[in-house]
Amino acid sequence: MNYKNAKSRKLNIQNEDKLHSMIITDPEEQKLEAALLIQKIDSVDSEKGFKNVSRRIQKKARIIHRINIISRVAAILLIPALFLSVWYNVINTQSTQIETTYHTFNCPVGIKTQLSLPDGSLVWLNSGTTVKYQLPFTNKTRNIEMDGEAFFEIKKDRIPFIVTTGNAKVKVYGTEFNVKAFGRDNQIEVALKEGSIGFSTGSDVTEKRLAPNDFLTFNKTNNVVETINQNINKYIAWRNNQLVFDETPLSEMALMLERWYGIQVEIKDNDLLRYKFTTTFENEPLLQVIELLELSSPIKIKYIPTKMDDQSNVISKAKIVINKK
Amino acid sequence: MQVIGGIPENVLIDRIKQGDQTAFELLFKFYYPGLVVFASHFGIDQADSEEIVQDFFVRIWQHRHKINQSDSLKAYFFTSIKNKSLNVLKQKKRNDNFIKKLIQVSEESHSYNYDIFIESDLQNKIRTSFNLIPPRSKEVFFLSRVTGISNDEIAKRLDISKRTVETHISNALKILKTELKEFLTLLILIDILLK
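Chains W and F, in that order, are what the protein sequence lines are.
Using the numbering used here, the first residue of the first sequence is number 1, and each one after it goes up by one.
Using the numbering used here, the first residue of the second sequence is number 326, and each one after it goes up by one.
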């Protein structure tokens, strides 16, 4: 066997003669050298690679988003044209009513999206959130219905902007704020970052005005509205991909993890419910979060990956089970 | 069915189709290092290889709805990277004859075993046998085969005789050969010479 030097057998791309010599090298030795390959594989930096890929995916998503805005603008421009043609057609019948259509936007569990409304307002949707608005959007009022959690950056306009969730309403006067109102939650939360908004519910016509940094909760069972003025950053951090726990009880943390990662969380030991967590995760994958939580608290977390039920062919959600250490 | 981090690949793909980024990360981290090294076999430098593979994964995510479950993803990934690598070579206006030959070589060796590039029994077996080589022999073997310096140079660097260098290398080869005997037929033409 010839081990003299590997250098001469390394490919020099400019030199095609060497290609030939490369092909006919002793096959036995080539096979053995496969072992060296593994060292090369181990030296590849996957973390860095994945960061690059994530960044490029997000950049592309923004471009696609821009195209979406253009198509929406085009759709809005089309409405007057449609209106005109309808008007021409029915000029003799005098019926000039146009029908409003509804746009529904659904952000699936496990991901977050940004959405731009026809009036230029921006909405960030947290995972598992649905919003619905009518077109034409800027009619007499700008109405948007939602279920879930969203952060709004509203474009100032004389036309009032109203967020409806269930029978509660948030009336907006040009501002930035967060609404958390999942249908199955018992409470609605509104956090105001800038400007001014008014909150009202079906049962109570009077409007509660909020000032910046006000955090309002509305209890759906007893209809009690409470407001505190505090630092509201933790309520809106999700928009920047931050998962913030601030003296958050385990029960609430479990709910947050479920929505954030689209998983199921089971708490095995009721003793654990009294634990509170304070920490911030930014862009961390689930398995990393589990690892860090285990390190920093007396809990043990078991990850059960997605499973397929052979009989029903139904894919179950991934699940984590939280237990005492 | 390939299993990645304890999750069957088809389940992972289903989750990716639903927009699950964690699942995508698992898939990425499983294939990425192997694909990068694989691309570098076509005479492409490390940075370009990484670029090719990253670009490929960005597309995978963008077109995740179109991933065909019935296909073998492993074969699809490696074939795609091979084609992309050859395209990159073409764009760099390499001598046409060279590329033709390269394509010919890579197509003739049908038995490319991709398993060697990813976490698999084959890779584990190679890892284990590699660890059986005594550290000093491993070091010499590595200097000779990966760094590609001459035996004389190694002898000088490590302050040992040339004879000892040769003994270390043959020692390493002997261990690998015995340990990998049953796998030898699988390890067909891994042209790591195309570094």
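All C-beta atoms, glycine included, are put in the ideal place defined by N, C-alpha and C.
The model shown is predicted, which means the values in this text are computed figures rather than measured ones.
Which of the three DSSP states, helix, strand or coil, is assigned to residue i?
i         : result
Lys-409/F : helix
Ile-329/F : strand
Ala-211/W : coil
Lys-156/W : coil
Gln-311/W : coil
Arg-340/F : helix
Tyr-173/W : coil
Ala-318/W : coil
Gly-49/W  : helix
Asp-370/F : coil
Asn-139/W : coil
Val-179/W : strand
Ile-541/F : Since the first residue shown for chain F is 326 and the last is 520, residue 541/F is missing from the structure and cannot be characterised.
Tell me the rounded alpha-carbon separation between residue i and residue j.
i         : j         : result
Ile-69/W  : Ala-237/W : 25 Å
Arg-56/W  : Asn-476/F : 45 Å
Ala-254/W : Thr-165/W : 24 Å
Val-172/W : Phe-161/W : 5 Å
Pro-170/W : Thr-278/W : Checking the sequence, you will find Val at residue 170/W rather than Pro. Those two C-alpha atoms are separated by around 30 Å.
Leu-78/W  : Leu-135/W : 12 Å
Lys-140/W : Asn-106/W : 25 Å
Ile-63/W  : Gln-379/F : 19 Å
Gly-49/W  : Glu-375/F : 7 Å
His-390/F : Ile-338/F : 9 Å
Ser-127/W : Phe-151/W : 12 Å
Lys-4/W   : Leu-498/F : Here the model assigns Lys-4/W a pLDDT of 34, short of 50, so the residue's position is not dependable, and the following value carries that caveat. When rounded, the distance between both Cα atoms is 13 Å.
Gly-359/F : Val-44/W  : 8 Å
Tyr-261/W : Gln-343/F : 12 Å
Leu-257/W : Thr-138/W : 36 Å
Arg-184/W : Gln-387/F : 32 Å
Asn-143/W : Tyr-102/W : 11 Å
Asn-219/W : Gly-202/W : 13 Å
Quick check on this structure: which residue in the options has the alpha carbon closest to the alpha carbon of residue i?
i         : options                                       : result
Arg-384/F : Phe-363/F, Asp-477/F and Phe-353/F            : Phe-353/F
Thr-217/W : Asn-240/W, Asn-241/W, Asp-246/W and Leu-192/W : Leu-192/W
Ile-263/W : Ala-181/W, Ile-322/W, Ile-162/W and Lys-208/W : Ile-322/W
Ile-320/W : Ile-301/W, Met-308/W, Ser-46/W and Asn-313/W  : Ile-301/W
Phe-402/F : Ser-454/F, Leu-457/F and Val-361/F            : Val-361/F
Gln-114/W : Val-244/W, Arg-239/W, Asp-147/W and Asp-309/W : Arg-239/W
Ser-454/F : Glu-145/W, Ile-38/W, Gly-128/W and Lys-51/W   : Ile-38/W
Ile-329/F : Gln-343/F, Gln-346/F and Tyr-356/F            : Tyr-356/F
Arg-274/W : Pro-285/W, Met-256/W and Pro-298/W            : Pro-298/W
Arg-259/W : Gly-49/W, Leu-125/W, Ser-121/W and Lys-59/W   : Leu-125/W
Tyr-187/W : Pro-212/W, Pro-118/W, Val-225/W and Glu-266/W : Correcting the residue type first, residue 187/W is Gln in the shown sequence and not Tyr. Nearest of Pro-212/W, Pro-118/W, Val-225/W and Glu-266/W to Gln-187/W, Cα basis: Val-225/W.
Thr-503/F : Asp-484/F, Leu-457/F and Phe-466/F            : Leu-457/F
Under the criterion of a Cβ to heavy atom distance below 7 Å, does residue i qualify as lining the ligand SAH?
i         : result
Ser-316/W : In terms of ligand content, the structure shown is empty, and the ligand SAH therefore cannot be addressed.
With respect to the beta strand (DSSP E) encompassing residue i, which residues constitute its N-terminal and C-terminal limits?
i         : result
Ser-121/W : Per DSSP, Ser-121/W belongs to no beta strand (DSSP E) and is neither H nor E.
Gly-148/W : 142-153
Tyr-102/W : 101-107
Ser-475/F : Where Ser-475/F is concerned, there is no enclosing beta strand (DSSP E), given that its DSSP letter is neither H nor E.
Asn-229/W : 225-229
Val-163/W : 161-165
Could you give the residue range of the alpha helix (DSSP H) that holds residue i?
i         : result
Thr-113/W : Element bounds for Thr-113/W: not the alpha helix (DSSP H) but the beta strand (DSSP E), 113-116.
Tyr-235/W : 233-236
Thr-492/F : 487-504
Ser-200/W : Here Ser-200/W belongs to no alpha helix (DSSP H); instead the beta strand (DSSP E) covers 197-201.
Ile-441/F : Run containing Ile-441/F: none; DSSP gives neither H nor E here.
As an exercise, report each continuous beta strand (DSSP E) stretch of at least 3 residues that is fully enclosed by the region 264-301 of chain W, in chain order.
264-267 and 276-282
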